[in-house]
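What follows is a short report on a single structure.
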Amino acid sequence: MARKAPAGRRPLFEARRDIEARVREAVAALLAEAAPAHEDPPAFTVEVPARREHGDFATNAALVLARPLGRPPREVALALLPKIRGGFPLARTEVAGPGFLNFFLDPSWLDEAADLARLPDWGESRAGAGERVVVEFVSANPTGPLNVVNARAAAYGDALCRVLSAAGWEVTREYYVNDAGNQFERFAESVAVRWAEIYEGRRDLSIPQGGYPGAYVYDLARRATEALAAEGLPAERLSRLPERERAEKLGRAALEAVLRDHREALRRFRVEFDRWARESDLRAEGAAETAFRRLVESGHTYESEGAVWLRTTAFGDDRDRVLRRKDGTFTYIVPDIAYHLDKLERAERAIDLLGPDHHGYLARLRAALAALGRDPSRLEFLVSQAVHLVRGGDRLKMSKREGEFVTMSEFLDEVDVDAARWFFVARSFDSPLEFDLDLAGLESDENPVYYVQYAHARIASLLGRAEAEGAWPPPGSEETPDAVGATERPAGGSRFPDPAEAALLRAVARFPEEVAIAAEERAPHRLTAYALELAQAFHAFYTECRVLDAGDPARRTARLLLTDAARNTLARALALLGVTAPERM
RNA sequence: GCGCCCGUAGCUCAGCGGACAGAGCAGCCGCCUUCUAAGCGGCCGGCCGCAGGUUCGAUUCCUGCCGGGCGCGCCA
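Start counting at 1 in the first sequence, then tack on 1, and there's your number in this note's numbering.
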């Protein structure tokens with residue numbers, strides 16, 4: 002029975018599955034004798050109730066059975082009760098509320114979780130069954146610095162990836178670079194204008210329509226020039242090049258400089274990508290051409306006003322989209338379709354995190370994939386809302402039009418990475434985020450990040466002290482995996498009888514479920530809430546239960562084990578959020 | 001006008017079909033001669049935007065309205 006610490010032990014999941022099976026049998030039995038004609042039993046759920054008084058697990062089986070049986074729910078529940086038997090050590094069952102069945106397990110049922118929670122792979126599971134998923138996030142235009150919305154996407158997307166990996170998905174983090182097409186040309190021209198101003202003293206030029214007037218472009222022009230010189234193209238030769246060619250070279254070099262900045266800002270933020278996909282590569286490889294040809298072959302395109310259109314309205318878009326302009330060039334959507342086709346070749350699933358200004362994009366991309374016979378549900382979108390920075394109770398203005406938007410680097414100069422990541426991941430992605438710079442910058446108890454980190458630091462200090470006293474680690478615990486459940490426990494009771502111990506253990510035991518659910522729902526923000534609850538349970542335990550001077554050695558050892566379980570769980574939860582778990586504070 | 005997202009405690013936000021709606025912060029009252037008080041306990045605080053509908057049950061699903069944000073280019 003004692004398995005060797007396989008990845009993905011989930012005590013709560015296992016118990017729930019067991020109870021589910023037994024309720025299912027009871028439901029079938031009741032149905033067979035009360036309504037033999039009835040074919041399929043209705044779907045019921047077994048859940049951990051929100052309230053402690055409602056037991057360890059509860060089912061709504063009687064509620065959903067009431068209608069097909071034509072009997073009141075509570076009566077059904079009473080009929081169901083005696084039919085539930087065998088298996089899990091139930092201490093007590095009851096019928097409560099409108100007809101819920103509540104299950105109270107033997108107090109020792111969770112003891113094993115304390116041992117499991119100390120294992121290095123605690124929290125990992127196979128919920129994702131190895132499904133491959135490409136997560137694309139940030140993907141900012143390479144025409145200027147990253148902003149705060151990009152930072153939000155970086156934190157949230159990275160946490161999502163960590164959570165998906167832990168829950169058994171095979172994740173690739175990708176960043177798509179729009180380094181071709183119209184946008185790039187406007188950018189290159191803008192850099193060329195600044196170049197001419199700096200190196201040729203021109204004053205008569207202006208940034209083209211749709212170009213980039215921001216002051217940072219001067220700096221890019223200088224850096225591009227230096228980079229080109231380093232590559233063997235000094236300024237003198239640059240100035241002799243034809244205008245278009247010069248703009249192309251400057252633009253290319255400036256774009257690489259921008260990308261270096263992006264990479265650097267992201268690295269500071271502890272976000273690294275597995276792959277930087279380039280629009281220019283897709284075009285050069287002919288992937289855009291191929292995608293275009295397939296779309297034409299699909300029969301969903303037509304020509305009008307000299308352009309080739311895709312009939313996306315046939316797939317739920319609100320207007321058709323141009324694929325090829327009358328000048329023969331592709332619109333941005335063609336290489337983008339090629340990119341998404343490629344992602345769906347490489348993985349079963351693709352998830353795109355989009356900024357608030359790109360949600361108009363979902364319908365057309367789904368439509369294009371549907372036109373090509375792909376199942377559009379394989380592509381998921383998470384669309385964020387705006388970020389408002391608040392200081393002194395006032396919102397900072399960040400509109401590009403006003404030219405005073407805060408860059409991600411500036412933001413990171415001011416805000417601690419842990420605090421920033423926490424705040425970004427703590428909110429669901431699709432709700433607007435008010436980022437209080439004063440609060441995030443505060444190293445005080447008002448800042449929720451420190452509450453969780455403090456719990457971890459407290460534990461580290463406690464265990465350090467125990468180690469100095471020779472009480473930790475306990476004998477035999479070095480080879481933890483084999484020692485699972487090896488600690489002596491009082492016959493018939495739990496090793497953790499104190500209510501504060503039990504509450505902490507319950508919080509610890511939930512962890513793998515929380516990770517799996519956060520992954521399934523693409524909702525890493527659930528984990529910040531969980532981390533807070535776990536820290537809360539630990540702080541309460543710490544106040545309530547003495548650990549080092551717990552009385553008898555068995556009790557002390559049990560509490561140390563529980564403390565270490567909390568430490569590991571806290572550390573792993575924080576790791577999934579990309580937040581550090583300090584040893585001291 | 002059409003589309004997407006959001007309206008939940010004073011503030012910032014969770015919860016999104018289940019049993020009396022939660023957290024953090026702010027406010028008020030207690031708790032350190034003992035393992036980190038960046039802590040603990042308690043109190044105050046809510047027509048879950050409004051109106052219908054579906055359901056045994058709706059903050060959660062559907063429809064309509066009201067309020068806010070963002071889109072609606074042969075830019076990306």
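For glycine and all other residues, C-beta sits at the position ideal for the given N, C-alpha and C.
* To do: State the DSSP-derived secondary structure class of W123, mapped to helix, strand or coil.
  => Counted from its first residue, the first sequence places residue 123 at position 122. It is coil, neither helix nor strand.
* Where does the unbroken alpha helix (DSSP H) through F425 begin, and where does it stop? -> As a working mapping, residue 425 is identified with position 424 in the first sequence. First-last of the alpha helix (DSSP H) with F425: 418-427.
* **Spatial neighbours of H360 in its chain, beta-carbon cut-off 7 Å, leaving aside the 5 residues before and after** => Counting from one through the first sequence, the residue named residue 360 turns up at place 359. Correct list, in chain order: V384.
* **Inter-residue spacing [alpha-carbon to alpha-carbon] between C162 and A519** => As a working mapping, residue 162 is identified with position 161 in the first sequence. As a working mapping, residue 519 is identified with position 518 in the first sequence. Whole-angstrom Cα-Cα distance: 11 Å.
* To do: Look at the Cβ atom of L283, then the Cβ atom of Y362, and state whether they are nearer than 8 Å.
  => Along the first sequence, one-based indexing puts residue 283 at 282. Along the first sequence, one-based indexing puts residue 362 at 361. No, Cβ-Cβ distance for L283 and Y362 is not below 8 Å.
* Of the choices F382, P513, A517, H526, whose alpha-carbon is the least far from that of V139? -> On the first sequence, residue 139 is found 138 positions in, with the first residue counted as 1. Ranking F382, P513, A517, H526 by Cα distance to V139 puts F382 first.
* Helix, strand or coil at L277 [DSSP, three-state] -> Start at 1 with the first residue of the first sequence, and residue 277 comes out as number 276. Correcting the residue identity first, residue 277 is Trp in this sequence and not Leu. Here W277 carries a strand assignment [DSSP, helix/strand/coil].
* Is V453 closer than 8 Å to A1 when the C-beta atoms are compared? -> What the structure shows of the chain is the stretch from 2 to 586, and residue 1 is not part of that stretch, so it cannot be assessed.
* Run of the beta strand (DSSP E) containing I352, from where it starts to where it stops -> If you number the first sequence from 1, residue 352 lands on position 351. Run containing I352: 350-355, per the beta strand (DSSP E) assignment.
* D437: first and last residue of the uninterrupted beta strand (DSSP E) it sits in -> Translated into the one-based positions of the first sequence, residue 437 becomes position 436. Unbroken beta strand (DSSP E) run through D437: 434-437.
* State the Cα-Cα distance for the pair D122 and G9, rounded to the nearest angstrom. => Counting from 1 along the first sequence, the entry for residue 122 is found at position 121. Counting from 1 along the first sequence, the entry for residue 9 is found at position 8. The alpha-carbon atoms of D122 and G9 are separated by roughly 7 Å.
* **Proximal residues to F430 (C-beta, below 6 Å), its chain only, five neighbours per side dropped** => For the purposes of this step, residue 430 is taken as residue 429 along the first sequence, with counting starting at 1. Y157, L383, S385, listed in sequence order.
* Asked: Counting Cβ pairs, one atom from each stretch, are 3 or more of them under 8 Å apart for the segment 71-89 and the segment 27-34?
  -> yes
* **Where A97 falls: helix, strand or coil (DSSP)** => Position 96 of the first sequence, counted from the first residue, corresponds to residue 97. Residue state, collapsed to three classes: strand.
* If we call anything under 8 Å between Cβ atoms a contact, is R224 one with A255? -> To locate residue 224, count along the first sequence from 1; it is residue 223. To locate residue 255, count along the first sequence from 1; it is residue 254. Yes, the Cβ-Cβ distance between R224 and A255 is below 8 Å.
* Asked: Are there 16 or more other CB atoms within 10 angstroms of the CB of T409, so buried, or fewer, so exposed?
  -> As a working mapping, residue 409 is identified with position 408 in the first sequence. Looking at the sequence shown, residue 409 is not Thr but Met. Buried, since its Cβ has 16 or more Cβ neighbours within 10 Å.
* Could you check what DSSP says for L106 in three-state terms: helix, strand or coil? => In the first sequence, the residue the question calls residue 106 occupies position 105. Residue state, collapsed to three classes: strand.
* Which of the three DSSP states, helix, strand or coil, is assigned to T60? -> The sequence position of residue 60 within the first sequence is 59, counting from 1. In the displayed model, T60 falls within a strand according to three-state DSSP.
* **Alpha-carbon to alpha-carbon, F58 and F89** => Residue mapping note: residue 89 aligns to position 88 of the first sequence, counting from 1. Residue mapping note: residue 58 aligns to position 57 of the first sequence, counting from 1. Near 12 Å, if we compare the C-alpha coordinates of F58 and F89.
* **The beta strand (DSSP E) enclosing H55, as first and last residue numbers** => Your numbering for residue 55 matches position 54 in the first sequence. Where H55 is concerned, there is no enclosing beta strand (DSSP E), given that its DSSP letter is neither H nor E.
* Measure the C-alpha to C-alpha separation of D581 and A427 and round it to an integer number of angstroms. => Against the first sequence, residue 581 aligns to sequence position 580. Against the first sequence, residue 427 aligns to sequence position 426. First, the amino acid is wrong: residue 581 is Thr here, not Asp. Roughly 15 Å separates the two Cα atoms.
* Asked: Considering only residues of the same chain and omitting the five flanking positions on each side of E15, which have a CB-CB separation below 7 Å?
  -> Start at 1 with the first residue of the first sequence, and residue 15 comes out as number 14. Taken in chain order, the list of residues that qualify is empty.
* To do: Report the residue from F104, R72, D112 whose alpha carbon sits nearest the alpha carbon of L506.
  => For this step, residue 506 is matched to residue 505 along the first sequence. Nearest of F104, R72, D112 to L506, Cα basis: D112.
* Asked: Count the other CB atoms within 10 Å of the CB of N148; is the residue buried (16 or more) or exposed (fewer)?
  -> On the first sequence, residue 148 is found 147 positions in, with the first residue counted as 1. Buried.
* Asked: Start and end of the beta strand (DSSP E) containing F382?
  -> Taking the first residue of the first sequence as position 1, residue 382 is located at position 381. Unbroken beta strand (DSSP E) run through F382: 380-384.
* Asked: In chain order, which alpha helix (DSSP H) runs of at least 4 residues are fully inside the segment 186-249?
  -> With a minimum length of 4 residues, the continuous alpha helix (DSSP H) runs that stay inside the segment 186-249 are 217-231, 236-241.
* **Selection from D343, R466, A308 that minimises the alpha carbon distance to A289** => Indexing the first sequence from 1 puts residue 289 at position 288. Nearest of D343, R466, A308 to A289, Cα basis: D343.
* To do: Kindly identify the DSSP beta-bridge partner or partners of T173.
  => Here residue 173 refers to the residue found at position 172 when the first sequence is read from its first residue. Beta-bridge pairing by DSSP links T173 to V135.
* Asked: Mapping DSSP to helix, strand and coil, what is Y303?
  -> The count along the first sequence starts at 1 and reaches residue 303 at position 302. In this structure, Y303 counts as strand in the three-state DSSP scheme.
* Asked: Going straight from the alpha carbon of P146 to that of E171, what length do you get?
  -> One-based indexing of the first sequence puts residue 146 at position 145. One-based indexing of the first sequence puts residue 171 at position 170. Looking at the two C-alpha atoms, the distance is approximately 30 Å.
* Please name the residue, chosen from L549, L106, L354, S495, that lies closest to A155 on a Cα-to-Cα basis. => Position 154 of the first sequence holds residue 155. Measuring from the Cα of A155, the nearest candidate turns out to be L354.
* **Nearest-angstrom beta carbon gap, R93 and V105 [assumed within contact, 8 Å]** => The count along the first sequence starts at 1 and reaches residue 105 at position 104. The count along the first sequence starts at 1 and reaches residue 93 at position 92. Correcting the residue type first, residue 105 is Phe in the shown sequence and not Val. Between R93 and F105 the Cβ distance is about 4 Å, and since that is below 8 Å, they are a contact.
* Since H540 is in the alpha helix (DSSP H), which residue starts that stretch and which ends it? -> One-based indexing of the first sequence puts residue 540 at position 539. For H540, the uninterrupted alpha helix (DSSP H) run begins and ends at 526-545, by DSSP.
* **Three-state class that DSSP yields for V548 in the structure shown** => Along the first sequence, one-based indexing puts residue 548 at 547. Coil.
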